[in-house]
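>
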Amino acid sequence: MQATIKMFGKLTEITSASSVMIDDVKDTDEVISILQQRYPGLMQLQYIIAVDKEIIHNNTILTDHSIIALLPPYSGG
Amino acid sequence: MNYMHSNKNIFIQGAISPEHIADSIAKHQSKYDIGAHGIFLGQVRGDNIGERKVAAIQYSSYEDMAMGKIGVVRETIFAKYPLICMHIYHSLGIVKSGEICLFVFTSSAHRKPAIEACEEMVELIKKEIPIWGKEIFEDDTHQWKKNK
């Protein structure tokens with residue numbers, strides 16, 4: 014299934030885009046592994062993962078049209 | 007009575023003007039159950055980092071997620087403190103050094119809930135809300151802000 018991955022903060026500099034599409038992925042571990050191959054610079058950066066706007070802590074199975082977001086440490090205020 | 011509006015957009019494009027803050031205070035003058043306000047204003051510092059000086063911060067957010075999280079955080083604060091109302095504004099886009107980027111405004115019948123809720127809300131915004139600041143230096147280079 015196809016997944017959309019939104020990028021934020023410093024991560025947008027690694028991908029040169031605010032979102033990335035990946036085809037035929039089943040879970041978040043697979044998404045991260047593909048992204049790390051595509052953008053090796055990601056491995057040096059700190060981030061958490063959200064699926065459909067909820068932060069996840071474990072590998073998560075994706076459903077159709079899941080929106081994944083990679084969130085570097087927040088720095089609002 | 008409480009005047010909570012949980013789904014209001016908190017984001018303002020650019021700096022938060024002193025006039026906006028004054029208007030917000032004025033709007034509360036007709037609410038006679040209020041006896042105290044807590045106000046926090048975050049201002050962009052013109053930090054010197056090595057040879058470079060911060061000219062502005064460019065803020066961005068995952069707005070869909072931020073709005074949901076703000077709702078949750080608001081509910082936590084309203085459950086904990088006897089507030090009459092609370093307003094939160096955060097800038098997006100460019101805010102120059104010296105300008106205001108965050109405005110948290112709490113009101114209660116007596117001082118302590120307003121002061122304590124305001125402080126806790128500022129901490130929660132920094133910790134829980136997906137917002138990022140990019141510090142733009144006067145020479146057009148940049149670095150991503152880190153919260154302390």
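Line by line, the protein sequences are chains A and B.
Going by our numbering, the first residue of the first sequence is number 14, and it counts up by one from there.
Going by our numbering, the first residue of the second sequence is number 7, and it counts up by one from there.
In this text, a Cβ means the ideal position worked out from N, Cα and C, and glycines have one as well.
Here the structure is a predicted model, which means the values were calculated and not measured.
Taking 8 Å as the cut-off, does the stretch 64-78 of chain B touch the stretch 35-52 of chain B (at least 3 CB pairs, one atom from each stretch)?
Touching, no.
> Would you kindly check if the distance between the Cβ of Asn-72 of chain A and the Cβ of Asp-42 of chain A is under 7 Å?
yes
> Beta-carbon of Tyr-68 of chain B versus every beta-carbon of chain A: anything under 7 Å?
yes
> Could you spell out where the beta strand (DSSP E) holding Met-34 of chain A opens and where it closes?
Run containing Met-34 of chain A: 32-35, per the beta strand (DSSP E) assignment.
> State buried or exposed for Ile-63 of chain B, treating a residue as buried only when at least 16 other CB atoms are found within 10 Å of its CB.
buried
> Using a Cβ-Cβ cut-off of less than 8 Å, give me the residues of the stretch 115-145 of chain B that come near chain A, in sequence order.
Val-128, Ile-131, Lys-132, Lys-133, Glu-134, Ile-135, Pro-136, Ile-137, Trp-138, Gly-139, Lys-140
> Got a sec? Which residues, its chain only, sit under 6 Å from Ile-47 of chain A by beta carbon, not counting five neighbours each side?
Closer than 6 Å at the Cβ level, and outside the excluded window around Ile-47 of chain A, lie Ile-35.
> Any C-beta of chain B sitting closer than 7 Å to the C-beta of Gly-54 of chain A?
no
> Would you list the residues sitting across from Glu-141 of chain B in a DSSP beta bridge?
B:Ile-63, B:Gln-149
> Any idea what DSSP makes of Leu-48 of chain A, helix, strand or coil?
helix
> Just to confirm before moving on: does the CB-CB distance between Phe-111 of chain B and Ile-16 of chain B stay below 7 Å?
No; because the gap between Cβ atoms is not below 7 Å, this pair is not in contact.
> I want to see whether chain A comes within less than 7 Å of Lys-151 of chain B, judged by CB atoms only; does it?
yes
> Quick check: the Cα distance between His-93 of chain B and Phe-109 of chain B, rounded to an integer number of angstroms?
8 Å
> So with CB distances below 9 Å, who are the chain B contacts of Leu-84 of chain A?
Tyr-68, Met-71, Pro-136, Trp-138
> Please state the DSSP three-state secondary structure of His-34 of chain B.
helix
> Return the first residue and the last residue of the beta strand (DSSP E) that Val-101 of chain B is part of.
89-102
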